[in-house]
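Okay, structure first, notes after.
Number of protein chains: 2
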Amino acid sequence: MGEFELIRRHFQRAPATGGDGAVVLGIGDDCALLQPSPGHQLAISSDMLVEGRHFFADVAPEALGHKALAVNLSDLAAMGARPLGFTLALALPQADSDWLARFAQGLFALADAHACPLVGGDTTRGPLNLCITVFGEVKPGQALRRDAARAGDDLYVSGRTGEARLALEQLRGTEWAGTAVEAEARARLERPTPRNALGVALSAVAGAHAAIDLSDGLAGDLGHLLQASGVGAEIHLPALPVAPALQGLPEARRLECLLAGGDDYELLFTAAPEAREAIALASADSGTPVTRIGRITAAPSLRLLGAAGQVVPFGAQGFDHFA
Amino acid sequence: MGEFELIRRHFQRAPATGGDGAVVLGIGDDCALLQPSPGHQLAISSDMLVEGRHFFADVAPEALGHKALAVNLSDLAAMGARPLGFTLALALPQADSDWLARFAQGLFALADAHACPLVGGDTTRGPLNLCITVFGEVKPGQALRRDAARAGDDLYVSGRTGEARLALEQLRGTEWAGTAVEAEARARLERPTPRNALGVALSAVAGAHAAIDLSDGLAGDLGHLLQASGVGAEIHLPALPVAPALQGLPEARRLECLLAGGDDYELLFTAAPEAREAIALASADSGTPVTRIGRITAAPSLRLLGAAGQVVPFGAQGFDHFA
Chain C
1 MGEFELIRRH
11 FQRAPATGGD
21 GAVVLGIGDD
31 CALLQPSPGH
41 QLAISSDMLV
51 EGRHFFADVA
61 PEALGHKALA
71 VNLSDLAAMG
81 ARPLGFTLAL
91 ALPQADSDWL
101 ARFAQGLFAL
111 ADAHACPLVG
121 GDTTRGPLNL
131 CITVFGEVKP
141 GQALRRDAAR
151 AGDDLYVSGR
161 TGEARLALEQ
171 LRGTEWAGTA
181 VEAEARARLE
191 RPTPRNALGV
201 ALSAVAGAHA
211 AIDLSDGLAG
221 DLGHLLQASG
231 VGAEIHLPAL
241 PVAPALQGLP
251 EARRLECLLA
261 GGDDYELLFT
271 AAPEAREAIA
281 LASADSGTPV
291 TRIGRITAAP
301 SLRLLGAAGQ
311 VVPFGAQGFD
321 HFA
Chain L
1001 MGEFELIRRH
1011 FQRAPATGGD
1021 GAVVLGIGDD
1031 CALLQPSPGH
1041 QLAISSDMLV
1051 EGRHFFADVA
1061 PEALGHKALA
1071 VNLSDLAAMG
1081 ARPLGFTLAL
1091 ALPQADSDWL
1101 ARFAQGLFAL
1111 ADAHACPLVG
1121 GDTTRGPLNL
1131 CITVFGEVKP
1141 GQALRRDAAR
1151 AGDDLYVSGR
1161 TGEARLALEQ
1171 LRGTEWAGTA
1181 VEAEARARLE
1191 RPTPRNALGV
1201 ALSAVAGAHA
1211 AIDLSDGLAG
1221 DLGHLLQASG
1231 VGAEIHLPAL
1241 PVAPALQGLP
1251 EARRLECLLA
1261 GGDDYELLFT
1271 AAPEAREAIA
1281 LASADSGTPV
1291 TRIGRITAAP
1301 SLRLLGAAGQ
1311 VVPFGAQGFD
1321 HFA
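Chains C and L, in that order, are what the protein sequence lines are.
So that you can map any letter, position 225 of the first sequence is 225 in our numbering, and since no number is skipped, the others follow by simple counting.
Take any residue in the second sequence, note its place counting from 1, add 1000, and you have its number in our numbering.
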């Protein structure tokens, strides 16, 4: 008990009640109480992170605290919902005060940057496991659902994809990726930037239709969006933004990173062509680069197009595992 | 992937969208979307259950599904919040279809009984771990907070306490508890009944002030309520409701079960004496027995009183671990 009281102290900060936030009652009662803005809908997402599966045992605790919240914030971003708060449930094999302090530091730095306070949770002894549930709000009809893409829509991606995958291969010592781990690529893997400002800005654009966040790779997650919307897409491969770290890779590996990387936490979204100016404004206002990479088609297939407009087959590119 | 697609299927039911509930969008997108009633506050609680700590490895999966949700619903009950929905994050060492089907059966039976649909979550491979986050709604000012008890309030408990503890000792083979496990007591341990109808009814009683749900034992949880409210209490021991299964126990053991049992998931609450009639009505309307067991005092201590009004010392009763 005393040990777990210690754990709680790392997460018990000045109560986030009253003031300018939505939190009526924070940590310490049977429930937290939030007051959403009048008429708004509540967006909810929950992710569980397990050692060896979602992170390495030797990951920096600050990075783990950051990433555990970032992947949840990214789900809110993909709906266009403004963050309100989150709960953290934590199973720990033992209470290591230094580890906890560093984990909390990474967690709260990101929470503060998004005005998304910790409102409750649970701690228990057990194999290391982190479960964060995050809450946001969005006006009715403005949520960016993955089933809302329409034939003729432009297809956009925020930022750039593939660096997290490159860093993962570098950490694994994969031959093609080399062993010199790029600091920037590693930061993309361990401290992803959720695109909440962009998501909220897009939710206010009338012509913005569907969105999904990229956790499993661009092509795979696009597949989920297309399936939910009953449409297809063409990606113009030369339009994909390529990070400097990826430019020296063999073409097949570069495409694998770009399209099947995973852990990107960028937004993939669709919008009517008439909304191009509004999308550019949302990008500028949120300080988030976006790139138009293709379009949504009525034919329910995903086609990759090369520089000359030719269809590039999936299998030949070494990423047939998402075909 | 295929394996975890299988897992998801056990939890993917007819989409709980539209219709009479608050669910705008259920499982399958980046976030679930809920529409709370106009002006209501949102109540949120999250609990993590770990094998060996919160349940035995050989517990019936139906019972585990029931209990994982019940302990969360109980937190909503203690705030007087009406359930809206929940998320489930689940780490499993392997996908055992029979186990999952039975777990889902227990989970959904309780969810349906409380009109509290599963709206999202996560599944991953890892040591068995269940994290449920539950959402409810309550009118502003009606939440039953644990810091709201006032000197002079009556002190009530719903149902009766101690049977879960007796069953736990029986399952452990403790000498004093005997080895003949009482079916009713075991049901109290493995399938607790969250008191949501009572909690919602109490939230509408103007004189009802503070509440807490009993997870760690009556005396210990009362201590949390008293500390949060800056008050004390007297419990009239002969007033405590005693289950038939506890009546044959030595007095010290009986009191230990009643006061320091744990896993009771009853509501402990306070109300002004003027509200006695309204409390009786809330009890009748919700079909939940409640018993007045003492009163809140200005002096910030907890006193146990015997039949003749004498103070019964804590230490002598074998439950000094909550003193």
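Ideal placement from N, C-alpha and C gives every residue a C-beta, glycine not left out.
Helix, strand or coil: which one does DSSP assign to residue i?
| i | result |
| --- | --- |
| F1011/L | helix |
| G294/C | strand |
| G1306/L | coil |
| V231/C | coil |
| C257/C | helix |
| V312/C | strand |
| V1071/L | helix |
| A208/C | strand |
| H114/C | coil |
| A214/C | Reading the sequence as shown, one finds Leu at residue 214/C and not Ala. Three-state DSSP puts L214/C in coil, outside helix and strand. |
| P1238/L | helix |
| G1106/L | helix |
| L1128/L | coil |
| G1085/L | strand |
| G344/C | Shown here, chain C extends from 1 to 323; a query on residue 344/C therefore has no answer. |
| G220/C | helix |
| A271/C | strand |
| L1249/L | coil |
| D122/C | strand |
| A391/C | It is not possible to answer for residue 391/C, since the shown part of chain C is limited to 1 through 323. |
How would you call residue i, buried or exposed, if buried means at least 16 neighbouring beta carbons within 10 angstroms?
| i | result |
| --- | --- |
| T1174/L | exposed |
| P1036/L | buried |
| L281/C | exposed |
| S1074/L | buried |
| G126/C | buried |
| P117/C | buried |
| R172/C | exposed |
| R1009/L | exposed |
| A57/C | exposed |
| Q41/C | buried |
| S1301/L | exposed |
| V1119/L | buried |
| Q1227/L | exposed |
| A1298/L | exposed |
| R1053/L | exposed |
| E1277/L | exposed |
| V344/C | This structure gives no information on residue 344/C, because the portion of chain C shown stretches from 1 to 323. |
| D98/C | exposed |
| E331/C | The shown model of chain C, from 1 to 323, leaves out residue 331/C, and the question about it has no answer. |
Would you mind giving the Cβ-Cβ distance between residue i and residue j, rounded to the nearest angstrom? I have them listed as a contact below 8 Å.
| i | j | result |
| --- | --- | --- |
| A113/C | G199/C | That belief does not hold up - the Cβ atoms of A113/C and G199/C are roughly 15 Å apart, past 8 Å. |
| G1294/L | L1155/L | 4 Å |
| L1189/L | A1167/L | 4 Å |
| I1296/L | V1231/L | 5 Å |
| A1043/L | A1081/L | 4 Å |
| V134/C | F86/C | 4 Å |
| G65/C | A104/C | 6 Å |
| N129/C | N1129/L | 5 Å |
| L225/C | A210/C | 6 Å |
| A1089/L | M48/C | 4 Å |
| I1132/L | A1068/L | 5 Å |
Establish whether the CB of residue i and some CB of chain B are separated by less than 8 Å.
| i | result |
| --- | --- |
| S46/C | Note that chain B does not occur in the displayed structure, where the protein chains are C and L. |
Runs of 3 residues minimum, wholly inside the segment 22-69 of chain C: which ones carry the beta strand (DSSP E) assignment? 23-25, 32-34 and 41-50
Relative to chain L, which residues along the segment 125-145 of chain C have a C-beta separation below 8 Å, given in chain order? R125, G126, P127, N129, C131, T133, F135, G136, V138, P140, A143 and R145
Starting from the N-terminal side, write out each stretch of the alpha helix (DSSP H) that is 4 residues or longer and does not extend beyond the segment 1138-1202 of chain L. 1163-1172 and 1183-1190
Selection of the segment 84-102 of chain C by Cβ proximity to chain L, strictly under 9 Å: L84, G85, T87, L88, A89, L90 and A91
Residues from the segment 24-46 of chain C in contact with chain L, defined by Cβ distance under 9 Å: V24, L25, G28, D29, D30, C31, A32, L33, L34, Q35, P36, P38, G39, H40, Q41, L42, A43, I44, S45 and S46
Return the residues of the segment 258-279 of chain C that lie within a Cβ-Cβ distance of less than 9 Å from chain L, sorted by chain order. none
Residues, ordered as in the chain, of the segment 49-71 of chain C that lie near chain L by beta-carbon distance below 7 Å: V50 and R53
Name, going along the chain, the residues of the segment 1212-1242 of chain L whose beta-carbon falls closer than 8 Å to a beta-carbon of chain C. I1212, D1213 and A1228
Of the residues that make up the segment 1108-1121 of chain L, which ones have a beta carbon closer than 8 Å to any beta carbon in chain C? V1119, G1120 and G1121
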